[in-house]
Amino acid sequence: MKSRQTYRIWINRICSGLVCLFCLLALVPFFAVVWSLLSHGLELFHTNLFDQLFLNYSDEMVRQVEETSVSANILYGMGGSLLIVIIGLIPAVPLGILFTLYVFENRFHGFASLIYYLGASISGIPSVIIGMIAYLWIVEPLNGFPALAGGLSLSIMMLPIISHYTLHVLNILPVGLKESAMALGASYTDTMLRIVLPSMKNGLFAGILMTVSRMIAQSVPLIIIVMGTSAIQGDKSLSHAALPVLIWNFFNCPDMIHRMWAASLTLFLMVLVLTVFAKCMSYPLQNKKRISL
Amino acid sequence: MKERIFKTALFCAAAVVLLLIAGMLYTLILQSLPVFRHSGVIQFIISQEWNPEKEGGTYGGGLLIAGTFLTASTALLVSIPFSISIALFIGAYYKEKPIAYWVMTIIDICGRIPSIIFGIWGYFTLRPLFMLLNIGDDGFSILLAALVLALMLIPYSSAVTAYFIRRTPQSIQEGAYCLGATHTEVVWKICLPYAKKGIIAAFILSLGKALGETIIVAILIGNNYLIPSQITRSGSSITNMILRRFGTTHELEMSALFALALLLFLFTFGMNLIARRLIRRATA
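Going down the list, the sequences are from chains U and D. When we follow this note's numbering, the leftmost residue of the first sequence carries the number 104, and every step to the right adds one. When we follow this note's numbering, the leftmost residue of the second sequence carries the number 707, and every step to the right adds one.
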């Protein structure tokens with residue numbers, strides 16, 4: 104009897120130890136990633152990183168015979184990234200909120216829940232496909248406008264994320280709020296527009312910041328669109344349109360590798376700042392009901 | 707009147723989302739029709755030759771599909787023990803302790819590292835290691851891509867898994883403790899079976915993510931059009947092919963790329979629907 108107990112205790116200790124060990128092992132590479140970012144990137148921060156610099160394109164990505172120089176600088180890239188994300192936010196935020204309100208209000212109908220599943224499953228579509236489609240919908244018919252196409256691709260990818268955060272906020276909103284507005288005689292529209300939406304303001308803002316922090320790091324749709332555009336127009340000035348695309352270009356230029364680390368560190372810091380800011384904003388919300396998915 | 711406008715706006719938003727998905731599917735099908743007409747759907751899926759220079763061009767996605775699934779499933783297999791360990795650490799073993807909160811925060815931040823950064827880290831840190839060990843062609847291999855891919859999957863799958871493990875009712879766990887169960891017995895016999903559906907859904911979602919991941923695979927897989935017989939050799943995948951060849955002047959090749967995208971779309975979207983259905987059952 105005693106030996107059986109000792110055996111069980113030992114099994115418990117071994118399993119706990121293994122869990123801790125694997126957990127630690129899994130964290131090591133992440134620290135290595137951050138460490139190599141910091142060690143390679145920081146040494147460039149004391150040079151004039153945001154100066155105008157010239158990229159010499161001879162890479163296979165652009166696949167053109169002649170070499171051309173295009174000015175590319177990290178500050179441009181940051182501006183371009185923000186611009187594309189803002190273009191994406193303009194349609195995605197109202198659409199995402201209205202879509203989620205529809206689903207939430209009709210949540211007991213089969214049709215609404217089907218739509219919600221389909222909408223949420225957009226997040227599973229690979230970004231490369233969304234980039235190809237945005238290219239086909241905007242760049243090819245209009246013969247240009249890659250920033251618009253980038254914005255469209257990001258807005259498609261934002262939809263499920265904004266919808267997720269909106270649903271989260273709607274779920275933690277007290278039911279009594281809506282009911283008391285209705286009881287006081289407010290119409291359905293007034294209740295929604297004047298009571299429900301304003302009280303969701305902070306949570307929604309935090310959700311949008313989270314979305315931006317995810318979208319700003321998206322590289323693939325933008326690279327696809329830039330590649331497609333430079334193929335039909337031969338114009339490479341767009342190749343520095345956004346920070347992730349700039350990193351990809353630096354990566355493909357052998358003499359620009361050191362700049363690549365600095366650009367990557369800048370991107371990571373941007374994502375980090377946005378995330379921390381959004382977390383601080385959503386902290387009071389999380390305290391009400393802890394859901395993290 | 708105002709009422710009706712608002713309700714119509716809500717309905718329109720839902721319809722737009724539906725139309726968006728239908729539109730994407732329609733565009734992909736329309737664009738991939740030429741190559742399907744040229745070589746037939748089945749032939750396109752199983753054929754192993756991709757040669758735009760040949761007379762008329764031959765396009766087959768067999769190797770790419772195999773490469774994609776091989777990379778993604780290897781990555782998933784590598785990530786499973788680590789994700790489950792992290793999920794158990796923050797969701798069961800150290801649930802109430804401050805360290806769980808810190809690990810969760812670190813994992814959350816790691817999940818936000820852009821995938822392009824993982825890619826270049828793999829290229830400059832892991833690839834030299836692989837070259838030293840003489841694995842892969844010049845360091846590039848399916849295994850290298852899968853390892854870095856697994857790194858990208860771990861934060862996501864562990865967060866979702868931990869969410870489901872935490873959902874195990876406290877009363878059942880306390881009941882087990884009262885009967886004299888150890889911590890590990892509660893975790894293995896109560897928490898994990900209870901969260902089973904959610905965990906499976908989490909890994910299906912991760913597999914979908916791994917199938918669609920582009921930049922890491924494109925940097926590390928080696929871009930070699932080979933039969934993926936060994937994971938220690940370089941290879942190619944659907945997303946790598948699209949990223950390398952998009953914007954090509956061969957019209958039929960563009961169509962073939964869209965056909966590959968269509969296949970990937972169907973795989974990943976289908977997986978997502980299944981996983982979400984499972985999540986719904988798990989949370990019901």
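Where a beta carbon is used, it is the ideal one built from N, C-alpha and C, also for glycine.
Contact annotation: in the region 172-203 of chain U, residues whose CB is within less than 7 Å of a CB in chain D are Leu198, Leu201, Phe202. For Pro301 (chain U), the nearest beta carbon of chain D is not closer than 7 Å to its own beta carbon. Straight through space, the alpha carbons of Ile944 (chain D) and Leu769 (chain D) are spaced by roughly 9 Å.
Cβ neighbours of Tyr931 (chain D) within its own chain (closer than 7 Å, five residues either side excluded): Trp756, Leu769, Ser942.
Nearest C-alpha to Met330 (chain U) among U:Met363, U:Tyr219, U:Ser290, U:Ala250: U:Ala250.
Secondary structure at Asn352 (chain U): helix, using DSSP grouped into helix, strand and coil. The C-beta distance from Phe824 (chain D) to Val136 (chain U) rounds to 7 Å, short enough to meet the 8 Å contact threshold. In its chain, beyond the 5 residues on either side, Ser266, Thr269, Leu270 have a beta carbon closer than 6 Å to the beta carbon of Thr203 (chain U). For Asp844 (chain D), the secondary structure class from DSSP, reduced to helix, strand or coil, is coil. Listed by position along chain U, the residues whose Cβ is nearer than 8 Å to that of Gly918 (chain D) are Gly227, Ile228, Pro229, Ser230, Val231, Ile232.
Going by DSSP, Val315 (chain U) is part of the alpha helix (DSSP H) stretching over 304-318.
Taken through DSSP and simplified to helix, strand or coil, Asn929 (chain D) comes out as coil. Ser753 (chain D) is not a Cβ neighbour of Ala965 (chain D), given a cutoff of 7 Å.
Interface with chain D (7 Å Cβ-Cβ cutoff): Met318 (chain U) is excluded. The alpha helix (DSSP H) runs lying completely inside the region 781-868 of chain D and spanning 4 residues or more are 804-816, 821-827, 833-838, given in chain order. By the Cβ test, the region 853-872 of chain D is not in contact with the region 716-724 of chain D, since fewer than three Cβ pairs between them sit closer than 8 Å. The alpha-carbon of Arg951 (chain D) is positioned some 41 Å away from that of Lys902 (chain D).
Around Phe371 (chain U), the beta-carbon contacts reaching into chain D at under 8 Å are Ile819, Pro820, Ile823.
Boundaries of the alpha helix (DSSP H) harbouring Tyr220 (chain U): 213-224, taken from the DSSP string. At a cut-off of 7 Å between beta-carbon atoms, Arg111 (chain U) makes contact with chain D. Rounded to whole angstroms, the gap between the alpha carbons of Thr811 (chain D) and Ile805 (chain D) is 10 Å.
Burial is judged here by how many other beta carbons sit within 10 angstroms of a residue's own beta carbon; Ile187 (chain U) has at least 16 and is buried. Against chain U, the CB of Lys801 (chain D) has no partner CB under 7 Å away; the residue lies outside that interface.
Asn757 (chain D) is bridged by DSSP to D:Thr764. For Ala981 (chain D), the CB contacts under 6 Å within the same chain, skipping 5 residues up- and downstream, are Ala907, Ile910, Leu911 in chain order. Contact annotation: in the region 949-964 of chain D, residues whose CB is within less than 9 Å of a CB in chain U are Leu949, Arg950, Phe952, Gly953, Thr954, Thr955, Leu963, Phe964. Ranked by how close their Cα comes to the Cα of Tyr800 (chain D), the residues U:Cys123, U:Gly254, U:Leu198 have U:Cys123 in first place. Contact annotation for Leu970 (chain D) against chain U: Pro229, Ile232 [CB-CB distance below 7 Å, chain order]. Shown here, Arg743 (chain D) sits in a helix according to DSSP, grouped into three states. At a cut-off of 7 Å, the C-beta of Ala309 (chain U) has no neighbouring C-beta in chain D.
Beyond the five residues adjoining it in sequence on each side, Arg710 (chain D) comes within less than 8 Å, by CB distance, of no other residue in the same chain.
Apart from sequence neighbours up to five positions away, the residues of its chain that approach Ala195 (chain U) with a beta-carbon distance below 7 Å are Ser258, Met261, Leu262, Ile265, ordered along the chain.
Taking a Cβ-Cβ threshold of 9 Å, the residues of chain D close to Thr378 (chain U) are Asp814, Ile815, Arg818, in chain order. The three-state reading of DSSP puts Pro244 (chain U) in helix, counting H, G and I together. Of all residues in the region 730-760 of chain D, those with a C-beta nearer than 8 Å to a C-beta of chain U are Met730, Thr733, Leu734, Gln737, reading in chain order.
For the pair Leu731 (chain D) and Pro197 (chain U), the Cα-to-Cα distance works out to about 24 Å.
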